[in-house]
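Below is one structure, written out as structure tokens; the observations come after it.
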């Protein structure tokens, strides 16, 4: 395939932009109710050109159609989405260029159980999932995770007709959180008949096997006054069980043990280097201090010299080669298993000609599981006392009068830890809608409840410190010391031998390990009333208005068995170096609630219609929102569309949008994660406890968004549309943690201990102490209203549908050119530009932001056979524009997807269809890019933008009656 750059593709001839999707070629038969967007199902692929009409879409509370809306809206049919990504609709949405930074099972690099690590949390323009509002038929869905975001995997997908993505501020129309945009899943509420779907899939590596089965039905009763629909769907994917099986395009995997060396300066630029070992730990145990410091333990308990390997500039604690450890990755999970169940039912009854009652309920579950690794390393070492029963006489004699020493080692030979997360989500909607005096009205109540459960096997610190302090009792038996000194404290304690590889008994391993669990329960109750209509007309046509009220109450209750705020009782134990219950996962409590009262209004005024100057419309919206936690705030939007000639439409919007702090951001207690740190102060590379907490003083963040664009619908090219829109989003007082834990440690060091930030880096001794014993015990983070974020760019969309050689030809291009992504995390930090580089930190890891991203779909259908090709493009980027690298540029990447379907005995949704989809046909691998300097910890690529699954084949059958 002759591949050209996306920029050339976008700026080339009109024929290269003549691309389409069937979802854009339909006109609704009847106007939808207020706050919803209904349309007739997409026409079958006929060999005649479709009318160049637009589907009715949302983007405001007043019905507008397709490319005519002032706010840019991308509309994609479910049929098209499932062809390109049969797994689920959210996976397909994440292939669109507007989505970046989303959290999903394959894209999430952090698989720790202390946070949500799978599901599908959509992110528009890398502004965070918490700034995207997820709707179902225009109605807000409840949060499903502790951070307030909504898992889009839990949408009942069998009856989703299409998805509308509003790529701009929409708080005035839909409420808080719609800062970067809105994703609205539109249900086919008029579906009749029965449809079934069964499919299976497998990667080219023989893993991540998946299967899905679903059914949906609809029936009209009582002279069509009652309409009932329902669906059920089950999906399961086995995941990637061995992360070492995935390589980069240049041949590296986790076993290559790559890290970043150098200082990042012009004189000593950063560079990637493999074969790296952690020279502060040995597999059998590295002796950190005392007379035997620098030696390692052999399997028989004897000591031997420890070779550190060739040291690396700028990477203390690591060396090339030597006896140090590499994070074991074979058989460690690369992608968790995923299992979802989606149940949905809806009944609608026409009480009178202009009055309809409806009720619907959905119940969804999601579950993931993995074996993410060994029980981990002894982060800052374990203290071994001279009376330890497992020490040889020779070692004890070499200690002299020294009473104890510290050993650093992993437990690579232990069985892997298992982790799992489960969620349950119930949403009930009920209401009335109708017409009165020419107005449409809609009143409804929503109750949503979600439960999120996590459990992770790990080392219980109380049990570990009790077991590792093994001595001989009066009878000469090896026992836990605490059973002699405090017999009632730890009944059943099994002594643990950490001296040498393979020394730990299975019984001891099982005794020191226990499940860390945490649970998050979200509830939302919402009542709303909205009215829309056209009360009068002006010289250019009827004036449209919409207004309404809404009340919402949300609660969060998060609990765990490892709350870091609760002091752990280590009575009777010695050698304790931690204050937490578990070595890895310690999640705190969070409990709080707020209520929100809103009133909104919107108006659409036609100022000119087919006049000498063309057609001109003006749209405005305002919303007053009152939060019980932070008071009142006003959002607004002004938009206009101008059509000087029938073939050209210009549009622009200006809006003020908000996001209120989530309940977790407000009320979270002390939260702890264990993360790797290269500490410049002590020269050690070890794990550190990172502590975060909520902040009840947080205020809503405010965004100003403006868009300006043009839509071309040339009359001489029937079925063709092309749009280009410039967007600019500025967020002030953004809620964020202004520093990463690594930045806090580095800034303190650069100030030589004088910065006030040093108060958040907790060390055992004063700043002047640079010994290994002064490695930080914890680093503290907190959300603040400090950050300022600005992003801008161009969205391009071209579509065409027409007849070619008697068949239906459809093609579509979606592309985004990121012009700027600037952020200033606080007044003491410089503003940074992240467009075109990977300097941006999302959570703990860098997120590359290439300037160009795009997808192109081309399909052709004839006599029931349809063939489609999708090309996905991820542009080139710099590793950093802040630091110097020897090789700083990461090349652009293409992915090719194919799909084939054959209709038998009818055209969908009737009859039978056999389909095959092959994603990533050429098994394109991700580019070499380290998200972490810890060798072997992560697949050495940016899985947030690159495919790590590989070529994936899905085959299935759809049957409709």
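Numbering (my numbering), first residue to last: 79 to 1039. Quick reminder that beta carbons are idealized off the backbone N, C-alpha and C, glycines included. Just so you know, these numbers come straight off a predicted model, no measurement behind them.
What residues are listed by DSSP as bridge partners for residue 930? Here residue 930 refers to the residue found at position 852 when the chain shown is read from its first residue. In DSSP, residue 930 forms a bridge with 895.
Just the C-alpha distance for residue 659 and residue 550, rounded to the nearest angstrom, thanks. To locate residue 659, count along the chain shown from 1; it is residue 581. To locate residue 550, count along the chain shown from 1; it is residue 472. Spanning the two alpha carbons is a distance of roughly 27 Å.
Please determine, among 622, 666 and 631, the residue with the shortest C-alpha to C-alpha distance to residue 680. Counted from its first residue, the chain shown places residue 680 at position 602. Cα-wise, what sits closest to residue 680 is 622.
Give a yes or no on whether the minimum CB-CB distance between residue 475 and chain B is below 8 Å. Within the model displayed, chain B is absent; a lone protein chain is all it includes.
Other residues of its chain near residue 390: CB distance less than 6 Å, five sequence neighbours each side excluded: Locating residue 390 in the chain shown gives position 312, counting from the first residue. Cβ neighbours of residue 390 beyond the five flanking positions: 339 and 396.
Kindly identify the DSSP beta-bridge partner or partners of residue 980. Sequence index remark: in the chain shown, residue 980 carries index 902 (1-based). BP columns for residue 980 point to 943 and 992.
Bridge partner(s) assigned by DSSP for residue 519: As a working mapping, residue 519 is identified with position 441 in the chain shown. Note: residue 519 sits in a beta bridge opposite 512 and 609.
Note down, in chain order, each residue of its chain lying with its Cβ closer than 7 Å to the Cβ of residue 282, except the 5 sequence neighbours on either side. Here residue 282 corresponds to residue number 204 of the chain shown, with the count starting at 1. Here the set comprises 1001, 1028 and 1029.
Any idea which residues DSSP pairs residue 164 with across the strands? For the purposes of this step, residue 164 is identified with residue 86 of the chain shown, where counting begins at 1. Paired residue(s): none; residue 164 is not in a bridge.
With DSSP collapsed to three states, give me the class of residue 505. As a position in the chain shown, residue 505 is number 427, starting the count at 1. If DSSP states are grouped into helix, strand and coil, residue 505 belongs with the strands.
Spatially closest choice to residue 586 from 511, 984 and 557, by CA coordinates: By one-based count along the chain shown, residue 586 stands at place 508. For the residues 511, 984 and 557, the minimum Cα distance to residue 586 belongs to 557.
Counting only the same chain and skipping the five closest in sequence on each side, list residues whose C-beta sits under 7 Å from that of residue 177. Looking up residue 177 in the chain shown gives position 99. For residue 177, where only same-chain residues beyond five positions count, the Cβ hits under 7 Å are 171, 200, 201 and 202.
Check whether the Cβ atoms of residue 360 and residue 374 sit closer than 8 Å, and answer yes or no. Within the chain shown, residue 360 is the residue found at index 282, counting from 1. Within the chain shown, residue 374 is the residue found at index 296, counting from 1. Closer than 8 Å, so yes.
Give, in chain order, every unbroken run of the beta strand (DSSP E) that is at least 3 residues long and sits entirely within the segment 301-341. 304-315 and 337-339
Helix, strand or coil for residue 460 per DSSP? Working through the chain shown from its first residue, we reach residue 460 at position 382. Note: residue 460 maps to strand in three-state DSSP.
Look at the Cβ atom of residue 238, then the Cβ atom of residue 149, and state whether they are nearer than 8 Å. For the purposes of this step, residue 238 is identified with residue 160 of the chain shown, where counting begins at 1. For the purposes of this step, residue 149 is identified with residue 71 of the chain shown, where counting begins at 1. Against a cut-off of 8 Å, the Cβ pair of residue 149 and residue 238 comes out as no contact.
Opening and closing residue of the beta strand (DSSP E) in which residue 558 lies: In the chain shown, the residue the question calls residue 558 occupies position 480. Note, residue 558: beta strand (DSSP E), 556-558.
CB of residue 738 within 8 Å of CB of residue 717, strictly: As a first step, residue 738 must be located in the chain shown, where it is residue number 660. As a first step, residue 717 must be located in the chain shown, where it is residue number 639. No, the Cβ-Cβ distance between residue 738 and residue 717 is not below 8 Å.
In whole angstroms, what separates the C-alpha of residue 330 from that of residue 760? For the purposes of this step, residue 330 is identified with residue 252 of the chain shown, where counting begins at 1. For the purposes of this step, residue 760 is identified with residue 682 of the chain shown, where counting begins at 1. The alpha-carbon atoms of residue 330 and residue 760 are separated by roughly 31 Å.
Just to confirm my understanding: we take residue 240, look at its own chain, exclude 5 residues before and 5 after, and list those with CB closer than 7 Å. What are they? Position 162 of the chain shown, counting from 1, holds the residue named residue 240. So the qualifying residues of the chain are 101, 153, 154, 155, 156 and 264.
Measure the alpha-carbon distance for residue 535 versus residue 1021 and round it to whole angstroms. Locating residue 535 in the chain shown gives position 457, counting from the first residue. Locating residue 1021 in the chain shown gives position 943, counting from the first residue. Near 25 Å, if we compare the C-alpha coordinates of residue 1021 and residue 535.
Tell me the rounded alpha-carbon separation between residue 433 and residue 520. Stepping through the chain shown from its first residue, residue 433 is reached at position 355. Stepping through the chain shown from its first residue, residue 520 is reached at position 442. Residue 433 and residue 520: Cα-Cα distance of roughly 10 Å.
If you pair each beta-carbon of the segment 851-869 with each one of the segment 497-511, do three or more pairs fall below 8 Å? no
Between the C-alpha atoms of residue 824 and residue 350, what's the straight-line distance to the nearest angstrom? The residue labelled residue 824 in the question sits at position 746 within the chain shown. The residue labelled residue 350 in the question sits at position 272 within the chain shown. Each residue's alpha carbon lies about 21 Å from the other.
Assigned secondary structure, residue 561 (DSSP; H/G/I helix, E/B strand, else coil): As a first step, residue 561 must be located in the chain shown, where it is residue number 483. Residue state, collapsed to three classes: helix.
Taking the alpha carbon of residue 393 as the reference point, which residue from 946, 186 and 347 has its own alpha carbon closest? Translated into positions along the chain shown, residue 393 becomes position 315. Nearest of 946, 186 and 347 to residue 393, Cα basis: 347.
Can you give me the start and stop residues for the alpha helix (DSSP H) that residue 1041 sits inside? The question about residue 1041 has no answer, for the chain in this structure spans 79 to 1039.
Alpha helix (DSSP H) segments (min. 4 residues) lying fully within the segment 791-850: 819-828
According to DSSP, is residue 1039 part of a helix, a strand, or is it coil? For the purposes of this step, residue 1039 is taken as residue 961 along the chain shown, with counting starting at 1. Reduced to three states, the DSSP call for residue 1039 is coil.
Please report how far the alpha carbon of residue 371 lies from the alpha carbon of residue 853, in whole angstroms. Position 293 of the chain shown, counted from the first residue, corresponds to residue 371. Position 775 of the chain shown, counted from the first residue, corresponds to residue 853. Computed Cα separation, rounded: 17 Å.
With C-beta atoms as the reference, is residue 529 less than 8 Å away from residue 597? In the chain shown, counting from the first residue as 1, residue 529 sits at position 451. In the chain shown, counting from the first residue as 1, residue 597 sits at position 519. Contact flag set, yes.
Spatially closest choice to residue 380 from 851, 228, 576 and 342, by CA coordinates: Locating residue 380 in the chain shown gives position 302, counting from the first residue. Here the closest residue by C-alpha is 576.
Reduced DSSP secondary structure (H/G/I, E/B, other) of residue 1034: Stepping through the chain shown from its first residue, residue 1034 is reached at position 956. Three-state DSSP puts residue 1034 in a strand.
Residues sharing a beta bridge with residue 598, DSSP: Here residue 598 corresponds to residue number 520 of the chain shown, with the count starting at 1. DSSP output for residue 598 lists 530 and 636 as bridge partner(s).
Would residue 931 and residue 946 qualify as a contact pair, given that the criterion is a beta-carbon distance under 8 Å? Start at 1 with the first residue of the chain shown, and residue 931 comes out as number 853. Start at 1 with the first residue of the chain shown, and residue 946 comes out as number 868. No, the Cβ-Cβ distance between residue 931 and residue 946 is not below 8 Å.
Might you give, ordered along the chain, the residues of its own chain that have their beta carbon closer than 8 Å to the beta carbon of residue 857, omitting 5 neighbours on each side? Locating residue 857 in the chain shown gives position 779, counting from the first residue. These residues qualify, in order along the chain: 755, 766, 767, 768, 769, 819, 822, 823, 838, 839 and 840.
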